Amino acid sequence: MAATVLVAGCSDDDGSNDGDEKHRSPQSLSEGYSVRGALAEIPASAVDDDVLVQTADLRAATEAAGLDVPTDGSREATSPWLSGLTDASSESPTPVFVPFGESFNLQAAAPEEFAELLGWSVLDVDSFVELSVPPGRFAVVTGDFDDDTLSSDLTEVGDGVVTDVEGEDFENHLDAVNAANRLGVPTRLARQGDHIALSPSTPAVESWLEGGDSLADDDSLAAVADALDDEGAISAVLTRVEGGADPASAVLGSQASPEQLEALNEQLEGSVPEDPFDAVGIGWSVDDGEAEVHVAYHFDSTDAARDGAEVLEKTYREGTSSVSRTPYSDYLDVEDVDADGPVVTVTVTPAEQGRTSFLYQALQQRELLFVSR
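If you want it as structure tokens, here you go:
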């Protein structure tokens with residue numbers, strides 16, 4: 547569904563653009579949080595072939611985790627909150643997982659340092675979405691933002707776009723390393739209503755201000771997002787999946803010998819759907835205080851999804867991790883496998899010793915669960 551293109555409001559030197567968010571489609575984050583709405587914030591022009599989207603309703607996730615947003619932006623004050631949202635706390639694990647993107651630079655800077663530079667930090671964010679594919683990272687955050695939010699120290703570089711560091715897009719400035727970027731790459735920002743966009747790409751931020759086609763117009767990703775929304779996901783990761791892969795090559799990598807590939811392919815027979823899927827999303831929700839993780843796969847047809855559901859269920863229940871050589875059943879319990887049109891949704895809960903972040907890590911490591919032929 548294409549976003550409606552209307553004339554944006556007047557811009558100011560602080561990067562604000564109060565056009566009542568006229569560029570946004572009815573499916574955007576302007577209408578409350580949804581995974582589909584998060585996709586609608588990412589301009590299609592900002593996307594190349596690769597897609598990795600990370601998003602969350604940060605306020606809902608914080609509440610579901612039984613946490614409070616810190617009022618102190620120091621590293622000491624924010625670490626327990628961040629650990630609770632990223633499944634990093636071994637003492638008191640929470641039922642949620644938030645895939646924070648790189649835009650918050652949480653590994654290198656405390657939120658208070660980020661806020662001193664840009665005027666706001668992750669502590670002010672209600673929801674976010676990030677296209678996390680370097681070098682063209684692009685993010686949108688929502689919150690109680692107004693004309694005074696963006697720092698007056700930022701420099702205007704375009705109509706409604708400001709920057710923390712002057713220079714060309716993606717250019718390293720090691721003499722200007724700051725709380726927003728470890729290499730001193732300029733961060734471009736723009737505000738429209740209660741949304742702020744940020745990216746190292748000026749054209750990406752300008753495209754967001756102008757409106758137009760978005761990732762929500764990608765049929766495969768939109769179908770996956772809708773499936774996760776149906777499950778009540780409050781955080782999610784979505785990606786396109788390259789088809790045509792030999793499962794053994796995808797698992798072992800390019801250094802494997804022909805003999806190793808042949809042996810593993812024999813072991814994997816029946817563990818990867820015969821028909822390819824082209825998009826997958828992982829969504830996290832909480833039901834009665836308990837964690838649920840939903841994995842949605844988009845196939846080319848209803849028949850392919852129906853056949854794929856049988857194979858996926860078998861792999862989730864009986865398969866073994868190619869990384870740890872441990873059965874997947876040690877990490878997760880399968881609650882439901884549903885095929886609805888071209889989308890298969892697998893719902894799992896963490897096993898006794900499992901973590902809510904396991905499938906996120908499995909996606910990063912190209913585990914068998916995410917390999918498409």
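Just so you know, the sequence shown maps onto residues 547 to 919 in the numbering used here.
Virtual Cβ for every residue (Gly too), placed ideally from N, Cα, C.
Bear in mind that the values here come from a model prediction, so they are computed numbers and not experimental data.
Please report how far the alpha carbon of residue i lies from the alpha carbon of residue j, in whole angstroms.
{"i": "D740", "j": "F845", "result": "36 Å"}
{"i": "V826", "j": "Y862", "result": "15 Å"}
{"i": "V708", "j": "R737", "result": "9 Å"}
{"i": "A771", "j": "S803", "result": "38 Å"}
{"i": "V889", "j": "L663", "result": "43 Å"}
{"i": "Q907", "j": "S697", "result": "36 Å"}
{"i": "D834", "j": "A610", "result": "10 Å"}
{"i": "S868", "j": "A590", "result": "34 Å"}
{"i": "S903", "j": "A655", "result": "23 Å"}
{"i": "L669", "j": "D614", "result": "10 Å"}
Among the residues of its own chain, which have a CB less than 6 Å from the CB of residue i, if the five just before and after it don't count?
{"i": "W666", "result": "T695"}
{"i": "R901", "result": "D633"}
{"i": "P572", "result": "In this prediction, P572 scores a pLDDT of 44, lower than 50, which makes its location untrustworthy; no coordinate-derived value is stated."}
{"i": "F660", "result": "S667 and A725"}
{"i": "V687", "result": "V671, F674 and I742"}
According to DSSP, residue i sits in a beta bridge with which residue or residues?
{"i": "P896", "result": "L878"}
{"i": "I742", "result": "V687 and R737"}
{"i": "H844", "result": "A825 and V889"}
{"i": "Q518", "result": "No information on residue 518 is available, as it lies outside the stretch 547 to 919 that the chain covers here."}
{"i": "G704", "result": "V707"}
For residue i, does the three-state DSSP call read helix, strand or coil?
{"i": "W830", "result": "strand"}
{"i": "R863", "result": "helix"}
{"i": "Q910", "result": "helix"}
{"i": "Q653", "result": "coil"}
{"i": "F646", "result": "coil"}
{"i": "S625", "result": "helix"}
{"i": "A837", "result": "strand"}
{"i": "R852", "result": "helix"}
{"i": "R582", "result": "helix"}
{"i": "F916", "result": "helix"}
{"i": "A634", "result": "coil"}
{"i": "R871", "result": "coil"}
In its own chain, which residues sit with a C-beta less than 8 Å from the C-beta of residue i, not counting the 5 before and 5 after it?
{"i": "V857", "result": "G816, S817, V818, P819 and E820"}
{"i": "Q899", "result": "D876 and Y877"}
{"i": "D978", "result": "The chain is shown from 547 up to 919; residue 978 falls before or after that span and cannot be answered."}
{"i": "S795", "result": "A802 and L807"}
Residues in its own chain within less than 7 Å of residue i by CB, not counting five upstream and five downstream?
{"i": "T748", "result": "V703, G704, V707, D715 and R734"}
{"i": "A722", "result": "V711 and G730"}
{"i": "L774", "result": "V581, A782, G827, G829, H840 and A842"}
{"i": "D879", "result": "V894, T895 and A897"}
{"i": "R683", "result": "E648, S649, E676, L677, S745 and P746"}
{"i": "E836", "result": "P641 and T895"}
{"i": "D882", "result": "T893"}
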